[in-house]
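Using our numbering, the first residue of the sequence shown is number 4, and each one after it goes up by one.
The C-beta atom is built at its ideal place from N, Cα and C for all residues, glycine as well.
Treat the numbers as computed from the prediction; the structure is a model and nothing was measured.
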Amino acid sequence: MRLQTEDEFGEKVARLREAFRWDRFEATISIYILKVKPEAFSDARAKAKRTFPSQKYPSLIDTPTGYVYVGLTGLSAEDRYAVHQTKTGKACKIAKLGLLADGSYEVVGKELTNLYGFKQVGWSNKKPEKLESWVAWNFYKMGYWVWGSHYHNEANFLGTNPFE
């Protein structure tokens, strides 16, 4: 199988950003992406919590292209990253394992979130949850290992319009 390119993913993101523009009458949430340390590749606890690849979505390549966490937040992505840095409470599981990449939000999440994340997505019809899984799935299709999303396990929508 041919891996998806960053340019192809970027074009899809632009299309869905337009399709899911904020309706001022809905509360909003954002989808952000953070880098995960390469050590996650050999950490059994991290592998057990991984979203992609999985049993339903097998590995596409032997050596992953990279490692990311995809999340949802009502905060700014930078503020949510600060929560993850605590490695306690509401931090994500991969952060609690100490496997988020080291550094500031500018190093760990800003570029990927600006390229592939979403801001001000309305809550209706599970749009944020679907977009979170869709973003994670697209990283998987580029050869990444991904943590964080899970709505695709509850509803079968990946690969269907508009989530191709």
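Beta-carbon proximity of residue i to residue j, cut-off 8 angstroms
| i | j | result |
| --- | --- | --- |
| W150 | V39 | yes |
| W25 | Q123 | yes |
| L37 | V110 | no |
| E135 | Y154 | yes |
| K96 | K50 | no |
| A47 | W148 | no |
Selection from the options that minimises the alpha carbon distance to residue i
| i | options | result |
| --- | --- | --- |
| K133 | E42, L103, P67, A158 | A158 |
| N164 | E9, L6, F23 | F23 |
Simplified DSSP assignment, three categories, for residue i
| i | result |
| --- | --- |
| F55 | strand |
| L19 | helix |
| L37 | strand |
| L100 | coil |
| Y72 | strand |
| F166 | coil |
| G77 | coil |
| W140 | helix |
Closer than 7 angstroms: residue i CB and nearest the ligand SAM heavy atom
| i | result |
| --- | --- |
| G69 | For the ligand SAM, the structure offers nothing, since it holds no ligand at all. |
Distance, residue j Cα to residue i Cα
| i | j | result |
| --- | --- | --- |
| K15 | L100 | 32 angstroms |
| L102 | L118 | 22 angstroms |
| F160 | A98 | 28 angstroms |
| G125 | I34 | 11 angstroms |
| A94 | T76 | 12 angstroms |
| L78 | P41 | 27 angstroms |
| V71 | F55 | 10 angstroms |
| G74 | I32 | 10 angstroms |
In DSSP terms, what residue i is bridged to
| i | result |
| --- | --- |
| E25 | According to the sequence as given, residue 25 is Trp; it is not Glu. Answer is none; W25 lacks a bridge partner. |
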